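All the letters of the sequence shown, read from the start, carry residue numbers 99 to 681 under this note's numbering.
Every residue gets a Cβ at the ideal spot worked out from N, C-alpha and C, and that includes glycine.
Computed from a prediction, not measured in an experiment: that's the story for all the values here.
Right, one structure below, let's go through it.
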Amino acid sequence: MLFAGLYNFHLARRILADRFKQNKKIKNMMKLSILSAYFCLLASSVFSQIGFAPEVKRVAVFKNGYAFTYREGETPISGGWASATNAPTGVLGTIWGYSTSPNVRVSQLIASETERREAVRVANLTEILLANESARIRFIDSNNSNIVYEGTYQIIGRNRLNLIRTAEEDDAVQADSLIIALKTASGTMMFPVNSLRNIEIIGVPKLDKTRLVKENRLLMKVDGAKDDEPMNLGIAALERGIRWIPAYRVEVKGAPIKEVKLELEAMLINELTDLKNTEVNFVVGVPHFLFQEQISPLSLNTAFAGVSGYFQTGAGSSRRDAYSNAIMSQVASTADDSFVTDGAPTVTGEEQTDSFAAEQLYLYKTDGINLKKGERASLRLFSLTVPASEVFEWTLNDAPNAQTRYMNSGGDYSNQQTLVTDLSSKIWYGLRLKNQTGMPWTTAPALAFREWKPLGQDMLTFTPVGGENILRVTPATEIVGTHILEEKSRVKMPLKYGGSVLDFDLVTVEGSIKLRNIKKEAVELVLTRSVVGEVIEAGDGGKITKEGLNLQSFNPNSIVKWNLNLPSGAKEIRYSYKIYVRR
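Laid out in structure tokens, this is it:
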């Protein structure tokens, strides 16, 4: 009896424990179901709410095709969330949400792809028949044009469902092997769609079809906002698809020239989105975005906007392509040490947009820009008078492969004259411009003219505030020159090169530059000789400098620069340098 009682007690205890566990599981499952239903309801309410389409209110446009956009719009908040429909295709690490209202912030972004249906116009007969299925129709058959058929119809065929799906996704569908099942008073008749003629849909026909559209949405978690309260939210991102191309107009005035009117225009190319009353800031400087080629996961798209040739950044091999790449970026140039000491500009009628600096960048600001996607516009950023003077320029460069030829065995210095490029034979007439505008000048093509007469076009490279630059205008005809190289000595000398001792010749070269000024008056001439080797001596006050990373190499890159006041008549300038030529 005792054992039986104990057994029954333990059995009852186990039964109660099992029932308790089952009840606990049921309660946990009920809690989980309720929680899942809550999240599903929350997600459903967020994803089903009408999305707002923020527009670009402010944009900073770079010359390389990238732009930092600020898209803003007003939308009610639902459950602490808002949904933006036109999410930007941004660079990795540059997309963030913000609010312009105090004490309200965007704390989370969720990227998603949703589907919606929209009505569009039908494109052909097949789509009309699909849109009006079950309507009453009247037509004749191409195989028997003497009888008019009338009744309600259905469309049948193996590819019917595919066509309906295609009609939702694409622009147009084709009939293929579809059949019309026409219901008449006596029965049902079958006609190939391609045989129908003179079709009349009785009543008011449907001329629209439903198309399934996929769109990217960016859900924004908004903290500090009440439900149904309209809030102004924004999305910032670095995108590609807008760029600007600068161009200068240089108007020459007076004789002798002491000042010019310099005008900068921005050609704005928009392949990103419509701009509506947008503040556009044109950036001058060298932007650095390490991941600019990598799209953010929040974008969902797989490619940036901007597919035309204006957004291609591949380096070209020609001088024209090199200039194009320079315009897309920023090319720095060293200003000359001397400058014009004329007084302040005197020409009136000057214009200038608002501008400001941001660390190492400079921005020209314009307001109220309206430009649709695919359009281009030209905007004047400033028109100012700057000090200027006439100058002639001659640059003599060694060929790019000179260093390599000297260091290869079997070098023959007797052919050194072939290392001077053809471009060096040109003496240029140009304008020395001094930047007293208070803003840097970006790299851009510049067209010089006097009154209505064009003088020439070349590249005005980057010029900082207070700096100077020479703008080439046209090849000179009244200043001519020749350049002759002569070997003066050659000494055999073993040198350690590449871990081995090799035989070199130390060659001393003398250069002779002969100039002739045909004009009656003296002119200013900037003469530059860029040579591979170490310059020993330069007459007439030539300034000797070295450039490059390896200034202590056997043959450094040396530059001699003369700022000459060249009188009428002839003049000769001599210089000498030494180079190591491998045997």
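In angstroms, rounded to a whole number, what distance separates the CA positions of residue i and residue j?
i    : j    : result
A158 : N314 : 24 Å
V679 : P654 : 13 Å
N663 : K641 : 15 Å
L683 : V571 : Coverage of the chain is limited to positions 99 through 681, which leaves residue 683 absent and any answer about it impossible.
A668 : T540 : 38 Å
T519 : V658 : Summary for T519: the model assigns pLDDT 39, below 50, so the residue's position carries little reliability; its value from the coordinates is reported in the next sentence. Distance between the alpha carbons of T519 and V658: 17 Å.
G579 : A636 : 17 Å
G597 : R503 : 19 Å
R215 : G149 : 14 Å
T575 : G383 : 36 Å
G466 : S481 : 20 Å
K351 : E357 : 7 Å
E213 : T282 : 39 Å
T464 : D321 : 33 Å
L396 : A209 : 5 Å
F560 : P538 : 7 Å
K324 : N162 : 42 Å
S197 : G171 : 10 Å
F490 : E622 : 6 Å
V429 : V202 : Bear in mind that a pLDDT of 44 at V429, under 50, signals an unreliable position, so the model cannot answer this.
I211 : P344 : Strictly speaking, residue 211 in this sequence is Glu, with Ile absent from that position. Distance between the alpha carbons of E211 and P344: 38 Å.
Please classify residue i: does DSSP put it in a helix, a strand, or coil?
i    : result
Q501 : helix
N655 : strand
L336 : strand
S240 : coil
V291 : helix
T444 : At T444, the pLDDT of 32 sits below 50, so the modelled position is not reliable; the number obtained from the coordinates is stated separately. Here T444 sits in coil by DSSP.
F547 : strand
L517 : Because L517 sits at a pLDDT of 40, beneath the cut-off of 50, its placement in the model cannot be relied upon, and the following sentence gives the value as read from the coordinates. The answer is helix: DSSP assigns L517 an H, G or I state.
Q206 : strand
Q252 : strand
V220 : coil
P687 : Residue coverage of the chain in this structure runs from 99 to 681, which leaves residue 687 outside it and unanswerable.
E211 : strand
T626 : strand
K669 : strand
E369 : coil
N375 : strand
Can the beta-carbon of residue i be found closer than 8 Å to that of residue j?
i    : j    : result
Y675 : G631 : yes
L529 : E488 : yes
R234 : G285 : no
T308 : L276 : no
T183 : A334 : no
E327 : S476 : no
G249 : L280 : yes
K586 : V607 : yes
A500 : L531 : no
G472 : G332 : no
V624 : N567 : no
Q555 : P543 : yes
A185 : L366 : no
Please report the residue range of the beta strand (DSSP E) in which residue i lies.
i    : result
T483 : 474-495
T643 : 641-645
H386 : Premise fails: H386 is in no beta strand (DSSP E) and is neither H nor E.
R530 : 525-532
L316 : 306-321
P592 : 577-595
D465 : 459-469
G565 : No beta strand (DSSP E) holds G565; DSSP gives it neither H nor E.
K612 : 598-615
W539 : Run containing W539: none; DSSP gives neither H nor E here.
Could you name the residues of the same chain whose beta carbon sits closer than 8 Å to that of residue i, not counting the 5 residues immediately before and after it, in chain order?
i    : result
N241 : S293
A165 : V157, A158, V159, L336, E337, R338, G339, I340, R341, L370
P573 : K524, I525, W526, Y527
R295 : F237, I238, D239, S240, S243
I253 : L227, L228, E231, L276, I277, I278, A279, V291
I355 : A486, S487, E488, L529
Tell me where the alpha helix (DSSP H) around residue i begins and ends.
i    : result
L227 : 223-229
What residues in its chain sit with their C-beta under 7 Å from that of residue i, if we drop five residues either side in the sequence?
i    : result
F389 : V189, L190, G191
E349 : V358, K359, F547
K319 : G178, W179, V204, S205, Q206
N375 : G466, N468
Excluding five sequence neighbours on each side, which residues of the same chain lie with their C-beta closer than 6 Å to the C-beta of residue i?
i    : result
T493 : T626
N469 : According to the sequence provided, residue 469 is Leu. The question's Asn does not apply to it. Closer than 6 Å at Cβ, skipping near neighbours: N368, L373, A475.
I582 : S610
R652 : One point to set straight first is that residue 652 is Phe, not Arg, in the sequence displayed. Once the five neighbours on either side are set aside, the close Cβ partners of F652 are Y678.
M287 : L280
T173 : F150, A180
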